[in-house]
Every structure is written in structure tokens, then in C-alpha cells.
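Number of protein chains: 2
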Amino acid sequence: MGLTKTEIFTDKQNEIALFSKVFGHPARVAILQHLFKIDSCVCGDLVNEIGLAQPTISQHLKELKHLGLIKGNVEGTSVCYCIHKENWTAMKTVMTEFLNQDLTQKEDCC
Amino acid sequence: MGLTKTEIFTDKQNEIALFSKVFGHPARVAILQHLFKIDSCVCGDLVNEIGLAQPTISQHLKELKHLGLIKGNVEGTSVCYCIHKENWTAMKTVMTEFLNQDLTQKEDCC
DNA sequence: AATATTAATCGTAATATTGCAATAGATTAA
DNA sequence: TTAATCTATTGCAATATTACGATTAATATT
Numbered sequence: 002m003g004l005t006k007t008e009i010f011t012d013k014q015n016e017i018a019l020f021s022k023v024f025g026h027p028a029r030v031a032i033l034q035h036l037f038k039i040d041s042c043v044c045g046d047l048v049n050e051i052g053l054a055q056p057t058i059s060q061h062l063k064e065l066k067h068l069g070l071i072k073g074n075v076e077g078t079s080v081c082y083c084i085h086k087e088n089w090t091a092m093k094t095v096m097t098e099f100l101n102q103d104l105t106q107k108e109d110c111c
Numbered sequence: 002m003g004l005t006k007t008e009i010f011t012d013k014q015n016e017i018a019l020f021s022k023v024f025g026h027p028a029r030v031a032i033l034q035h036l037f038k039i040d041s042c043v044c045g046d047l048v049n050e051i052g053l054a055q056p057t058i059s060q061h062l063k064e065l066k067h068l069g070l071i072k073g074n075v076e077g078t079s080v081c082y083c084i085h086k087e088n089w090t091a092m093k094t095v096m097t098e099f100l101n102q103d104l105t106q107k108e109d110c111c
């Protein structure tokens, strides 16, 4: 099959999975970290920064953009990318709620 | 190719990607949420709780176990699973650091 | 011992992902 | 206009993931 049965899960569960999926590749993690690190926006130097071919980087950027975590702005022949702050914050809320589920109440049964 | 070039990324980036990848499927999210919700440990009723076949659940459990986020304990014919608290906390530290990268300093350039 | 119960593994089909060469599109410079 | 530069898209090959039926393994019950 190779096809995830999204319909049997809640919207929240699917949302968490979608965000996680996009973080599930080190290139996308590296792209995001670089966008956070650099003060000004970053264009095609992501290709130099990360050691992948230009079409590959472009594809990863597309996925990040599709989820709304980054935005791109055309500047001459190059495109300036940066973190979409509002959406990043919203994503963080969802993910943090998932990660911070309460561990304290249960005793260790295993 | 379908093969991630892990060698060109840092250990941290690969670690974040691995954790995220395991959260990148709603069934695994649902399993973890259920393990958090139930006081006592949970065995094969995950198959009933989530609408997937037993081998599929078993496979997802295996991945979660492989990353160390859950542990399983044989109890008679059934197996009792629960969150691996120490490892979950360690994972949370890594993921939170990634999610909480500073947004405040940069002005919106896009 | 024979049977039932539960979970793991194997095998396989369908689909998704990753990566890149080649190409196309868009903008700037000469 | 032509050439140069940068990014997106297309097409494809290799690999990974998802899901499940069939089977196996292990323990419990009778």
C-alpha cells in the first residue's frame, strides 16, 4: 500500500504527523536552522551551505513553503526565503502540546 | 534515489530528523497519545483503539521501540507497552531546542 | 498433549520519498 | 536582443514506507 490511512485519525493527529514529517529529513532541518541563524533572508546560497543539488534544495523548500513554515520573496533573479513567524509559532504550539504530555502521574509499569 | 544523504548533515540534525520521522505518521502519534492517556500499560488493545491491523500496529510499535521512546514488557501472552520516560524527556530536550529557535531578532524581510 | 490467545515476523503489493540531470522560466546585464 | 544568472519544474531511477494476509513463536488454558 504505502498509503497512510489518514481518515481514521483525528485532525490533530494528522496535523502533528504532517509537521513532523516535514522535519523528518535532515536537509529540511538544516535549511530551517540556517534561516534562523542568518539575520537577513537567504536565497540560493542554501545550495552552497548544504551539500545537495539545486533541484533537491528547491524541492525541500517547496515542501516547507507548502506547509507554511517559510515564505519566499522574489528579488531580481534570486528568491529570498525566511521563516514564516506566525505559522512557526502556531506549529510550535501544536508540537509542544504533543511533546509535553504529562509523564508524572503514571508509575513505571514496564 | 530515495536514500537520504545523512553523512552531509550534523549528528544533531540527523537526530532531530529521526525523532520527527517517527512522529511523521498519525498511527504512531495516536499510539503515543494513548500510552500517555492510559494509566496502566497497554497491550494489544491498541489494535482495537486504532483501526489498523495487528501486524501494522506491531510494526509501528517496533519503530517507536527502536528509537527508545517506548518499552515493552511481556506479560503472559500479551505485551505491555509504555512510554520510556527518560528517553522521552531527552527527546523533548532536543526537539524543544529546535522548535524554540529565536524568532525575535530578525525583522520580517519577506 | 491439544487448543486458544496474543504478538512478532515474513512476504508482498501499492505508494511515497529522495536525489539529480535536463530543461524551462524569469529577471538582469551587456 | 542576447547572454548570463538564478530558481522551478519535469522525468526518472533507486530506495523507503505503509498496510495486511499468512505464518510463526510463545505462553495460557483446558
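Chains as they are written, first to last, in our numbering: chain B, 2 to 111; chain S, 2 to 111. C-beta: ideal position from N, C-alpha, C; glycine also.
Shown here, asparagine 101 of chain B sits in coil according to DSSP, grouped into three states, outside any helix or strand.
Residue environment for leucine 70 of chain B: buried (at least 16 other C-beta atoms within 10 angstroms of its C-beta).
By the Cβ-count criterion, lysine 63 of chain S is exposed, with fewer than 16 other Cβ atoms from all chains shown falling within 10 Å of its own Cβ. Counting the other Cβ atoms within 10 Å of the Cβ of glycine 77 of chain S gives fewer than 16, which makes it exposed.
By the CB criterion at 7 Å, cysteine 83 of chain S and leucine 36 of chain S fall inside the cutoff. In the same chain as phenylalanine 24 of chain B, and ignoring 5 residues on each side of it, the C-beta atoms closer than 7 Å to its own belong to Val30, in chain order. Under the three-pair Cβ rule at 8 Å, the segment 3-14 of chain S does not count as touching the segment 41-48 of chain S. If you ignore the 5 residues before and after asparagine 88 of chain S, its C-beta comes within less than 7 Å of the C-beta of Gly69 and Leu70, all in its own chain and listed in chain order. Rounded to the nearest whole angstrom, the C-alpha separation of leucine 100 of chain S and phenylalanine 20 of chain B is 11 Å. Against chain S, the CB of asparagine 15 of chain B has a partner CB under 7 Å away; the residue lies at that interface.
Cα atoms of methionine 96 of chain B and proline 27 of chain S: separation of roughly 13 Å, rounded to the nearest angstrom. Taken atom to atom, the span from the alpha-carbon of glycine 52 of chain B to that of lysine 86 of chain B is near 26 Å. Per the coordinates, the alpha-carbon of methionine 2 of chain B lies some 21 Å from the alpha-carbon of glutamate 16 of chain B. Each of S:Val80, S:Lys38 and S:Ala18 was checked against the Cα of methionine 92 of chain S, and the nearest Cα belongs to S:Ala18. Secondary structure of isoleucine 71 of chain B (DSSP, three-state): strand. A direct Cα-Cα distance of roughly 18 Å separates glutamine 55 of chain S from glutamate 8 of chain B. Among the residues facing chain B, asparagine 74 of chain S is included, as its CB has a counterpart in that chain under 7 Å away. Sequence-distant partners of cysteine 81 of chain S (beyond 5 residues in either direction) whose C-beta falls short of 6 Å from its own C-beta, in its chain, are Cys42, Cys44 and Asn74. When the five nearest sequence neighbours on each side are left out, the beta carbons in the same chain lying within less than 8 Å of the beta carbon of threonine 57 of chain S are those of Ala28, in order along the chain.
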